[in-house]
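Colleague: Here the sequence shown is numbered in the working numbering, starting from 211 and rising by one per residue. Got a structure here, written out as C-alpha cells. Questions coming.
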Amino acid sequence: MQNAQPQDGHSHGHGHGHGHGHGDADHTDPAFWEAMAERLETEAELRASLYGQAVDWLAGVLGEERAAASGTRVVDVGSGPGVVATMFAERFSGAEVVAADQASGLLERAQARADRLGLGRRVSTLAVDLPDDFAKLGTADLIWTSHAVHHIGDQQEALNALAARIAPGGVLAVAERGLPERYLPRDFGIGRPGLQARIDAAWEDAFAGMREEIPGSVRTVEDWPAMLARAGLAPSGTRTFLLDVPAPLGPVARGYVRSQLEHIRERAGDLLDPEDITTLDALLDEESEEGIRLRPDAFLLSATTVHTARAAA
Ligand SMILES: C[S@@+](CC[C@H](N)C(=O)[O-])C[C@H]1O[C@@H](n2cnc3c(N)ncnc32)[C@H](O)[C@@H]1O
Numbered sequence: 211m212q213n214a215q216p217q218d219g220h221s222h223g224h225g226h227g228h229g230h231g232h233g234d235a236d237h238t239d240p241a242f243w244e245a246m247a248e249r250l251e252t253e254a255e256l257r258a259s260l261y262g263q264a265v266d267w268l269a270g271v272l273g274e275e276r277a278a279a280s281g282t283r284v285v286d287v288g289s290g291p292g293v294v295a296t297m298f299a300e301r302f303s304g305a306e307v308v309a310a311d312q313a314s315g316l317l318e319r320a321q322a323r324a325d326r327l328g329l330g331r332r333v334s335t336l337a338v339d340l341p342d343d344f345a346k347l348g349t350a351d352l353i354w355t356s357h358a359v360h361h362i363g364d365q366q367e368a369l370n371a372l373a374a375r376i377a378p379g380g381v382l383a384v385a386e387r388g389l390p391e392r393y394l395p396r397d398f399g400i401g402r403p404g405l406q407a408r409i410d411a412a413w414e415d416a417f418a419g420m421r422e423e424i425p426g427s428v429r430t431v432e433d434w435p436a437m438l439a440r441a442g443l444a445p446s447g448t449r450t451f452l453l454d455v456p457a458p459l460g461p462v463a464r465g466y467v468r469s470q471l472e473h474i475r476e477r478a479g480d481l482l483d484p485e486d487i488t489t490l491d492a493l494l495d496e497e498s499e500e501g502i503r504l505r506p507d508a509f510l511l512s513a514t515t516v517h518t519a520r521a522a523a
C-alpha cells in the first residue's frame, strides 16, 4: 500500500492535486514541485473563488484598517506559483506581500504573475527551505500557509516557528484539509457504485505513508486550533470555503478533473481493486461518451478549511 503515489489532492481534500506518495515522487525535492508548476497554477486559478472568500475573510480577521495599511506585511509560506499571494496584494491594498517557497521555478512564476498584474512593486519572493529557514521569513502581520505544513516533519514545531514570526496582534492562517473532492454521482453507470469513497480510503493510506517518509516525521493529533494554541496564539476562528462548479463542466474544470483521475490511475493503481481500475480507464477514454471528456454529469466540489489564530497585542 505504501508504495502508491496518489496526488495530494493539494489535496485540497484529496483534491489538491499534488503528488503525495512514494517511489519516484519525492515531494521533499523542489524539482518535484517545479515539474508541477503549470498544474499548480491552473489548479489555484480554478480555486480563485474559494481563495477569494478566504482572503476576504482574513482581511476582516486581521482588521480592515491593518489589512489596507502600507506598513502591513503578509507572508505566504509554501506559496507555490503565487496565485494566492497576488490575491492578498489585491485585497490588502497597501500591504507588502512575500511569496516564500523552496522551489525557485515557482517563485519565478509568482513574481512574473505579480508583475503581469501590476502588483510587482508590493510583491516579492523569498527562497526558503523549511524547517531550517523559518527565521528568514521575518516578522509578519499575517502569515498564510496553504497545504504546506503537512509537508514538514514536525507540524507542531512548524506552527511554533510560524507563530514566533507573527507581529503583536497579527494572525496566522493555516489552510489544511477540508473535504475529499467530488466529481461524479455515487452511481455514474460504470462499475461498482461509490468509486470516489474507495479512492478516498486509498488516498488516506498514501497520505499517511507520505507523512511517514518526511525526515523528522512526528505523528500529531491534527487538531489545528489546539496546535495553534500550543504555539502560543489565541485561536480566532475556523472556516471552510467551497469551490462549487456544477455540471456540465467547462474545459478548464473538466481538464482538472481529468488530470486528477489520471493521477489516481497512475499513482494509486495498486491501492484499488481491478474493477475500479477498469472503471477509471473507462472514465479516461477520450472517445467514449462515458468518459470524463464528454459525459454531462461531471462536476467539481471542493472544500478547504482555514484555521486562524492571533498573537497577543
Ligand atoms: C501542495 S503545494 C501548495 C501550494 C499553495 N500554497 C496552494 O495551496 O496551492 C506545497 C508547496 O509547498 C512547498 N514546500 C513543500 N515543502 C517545503 C519546504 N520544506 N520548504 C519550503 N517550501 C516547501 C512546495 O514547493 C509547494 O510549492
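Where is the CB? At the ideal position from N, CA and C, for every residue including glycine.
#1: Pull up the distance between the alpha-carbon of residue 466 and that of residue 266, whole angstroms please.
#2: Return the CA-CA distance between residue 462 and residue 523, expressed in angstroms with no decimal places.
#3: Within a Cβ cutoff of 7 Å, which residues of the same chain sit near residue 285, ignoring the five residues on either side of it in sequence?
#4: Contact between the region 398-406 and the region 334-346 is defined here as three or more beta-carbon pairs at a separation below 8 Å; is this criterion met?
#5: When DSSP labels each residue in this structure, what does residue 450 get in the three-state scheme?
#6: Assign residue 380 to one of three DSSP states: helix, strand, or coil.
#7: Can you tell me the Cα-Cα spacing of residue 480 and residue 322, whole angstroms?
#8: Tell me the DSSP bridge mates of residue 515?
#9: Within its chain, find whatever has a CB closer than 6 Å to the CB of residue 397; leave out the 5 residues flanking it on each side and keep chain order.
#10: Is the separation between the beta-carbon of residue 510 and that of residue 455 shorter than 7 Å?
#11: With DSSP run on the structure shown, which of helix, strand or coil describes residue 244?
#12: Please state whether DSSP places residue 306 in a helix, a strand or coil.
#13: Determine the DSSP secondary structure at residue 259, reduced to helix, strand or coil.
#14: To which residues does DSSP link residue 334 through a beta bridge?
#15: Report whether the distance from the Cβ of residue 284 to the nearest heavy atom of ligand 1 is below 6 Å.
#16: Confirm the yes/no value for this check: CB of residue 454, any heavy atom of ligand 1, distance under 6 Å.
#17: Sort 300, 290, 358 and 339 by Cα distance to residue 320 and report the nearest one.
#18: Any idea which residues DSSP pairs residue 354 with across the strands?
#19: Assign residue 395 to one of two classes, buried (16 or more other C-beta atoms within 10 Å of its C-beta) or exposed (fewer than that).
#20: Tell me the rounded alpha-carbon separation between residue 498 and residue 492.
#21: Let's test the definition: count the other Cβ atoms within 10 Å of the Cβ of residue 443 and tell me whether it reaches 16, buried, or not, exposed.
#22: Could you tell me the alpha carbon to alpha carbon distance between residue 477 and residue 379, rounded to whole angstroms?
#23: Counting only beta-carbon separations shorter than 7 Å, does residue 364 have a partner in chain B?
#24: Since residue 431 is in the alpha helix (DSSP H), which residue starts that stretch and which ends it?
#25: Which partner residues of residue 524 appear in the DSSP bridge assignment?
#26: Assuming the contact rule is C-beta atoms closer than 8 Å, residue 355 and residue 287 should be a hit. Round their C-beta distance to whole Å, please.
#27: Is there contact between the region 428-442 and the region 380-387, where contact requires at least three CB pairs shorter than 8 Å?
#28: Counting only the same chain and skipping the five closest in sequence on each side, list residues whose C-beta sits under 7 Å from that of residue 256.
#29: Closest to residue 316 by CA distance: which of 299, 518, 336 and 330 is it?
#30: Is residue 468 buried or exposed, if buried means 16 or more other CB atoms sit within 10 Å of its CB?
Modeller: So, from the data block:
#1: Cα to Cα, residue 466 sits roughly 25 Å from residue 266.
#2: So the two alpha carbons sit approximately 44 Å from each other.
#3: If you ignore the 5 residues before and after residue 285, its C-beta comes within less than 7 Å of the C-beta of 308, 310, 347, 350 and 353, all in its own chain and listed in chain order.
#4: Contact fails: fewer than three Cβ-Cβ distances are below 8 Å.
#5: DSSP places residue 450 in strand when its eight states are reduced to three.
#6: Three-state DSSP puts residue 380 in a strand.
#7: Distance from the CA atom of residue 480 to the CA atom of residue 322, rounded to whole angstroms, is 39 Å.
#8: 450, per the DSSP bridge assignment.
#9: Contacts found: 403.
#10: Going by beta carbons, residue 510 and residue 455 fall inside the 7 Å limit.
#11: If DSSP states are grouped into helix, strand and coil, residue 244 belongs with the helices.
#12: Strand, per DSSP.
#13: In the structure shown, residue 259 falls within a helical segment according to DSSP collapsed to helix, strand and coil.
#14: According to DSSP, residue pairing for residue 334 in a beta bridge involves 308.
#15: No, the Cβ of residue 284 stays beyond 6 Å of every heavy atom of ligand 1.
#16: No, Cβ of residue 454 sits at least 6 Å from all heavy atoms of ligand 1.
#17: It is 290.
#18: Under the DSSP definition of a beta bridge, residue 354 partners with 286 and 383.
#19: Exposure of residue 395 is indicated by the presence of fewer than 16 other C-beta atoms within 10 angstroms of its C-beta.
#20: So the alpha carbons of these two residues sit roughly 8 Å apart.
#21: Label assigned to residue 443: buried.
#22: Answer to the nearest angstrom: the Cα atoms are 44 Å apart.
#23: Judged by its chain identifiers, the structure shown contains no chain B, having just a single protein chain.
#24: Judged by DSSP secondary structure, residue 431 falls outside any alpha helix (DSSP H); it is assigned neither H nor E.
#25: Outside the shown range of the chain, which is 211 to 523, sits residue 524, and nothing can be said about it.
#26: Rounded, the Cβ-Cβ distance is 4 Å, consistent with contact.
#27: Touching, per the Cβ criterion.
#28: So the qualifying residues of the chain are 462, 463 and 466.
#29: Out of 299, 518, 336 and 330, 336 has the C-alpha closest to the C-alpha of residue 316.
#30: A residue is called buried once 16 or more other Cβ atoms fall within 10 Å of its Cβ, and residue 468 is buried on that count.
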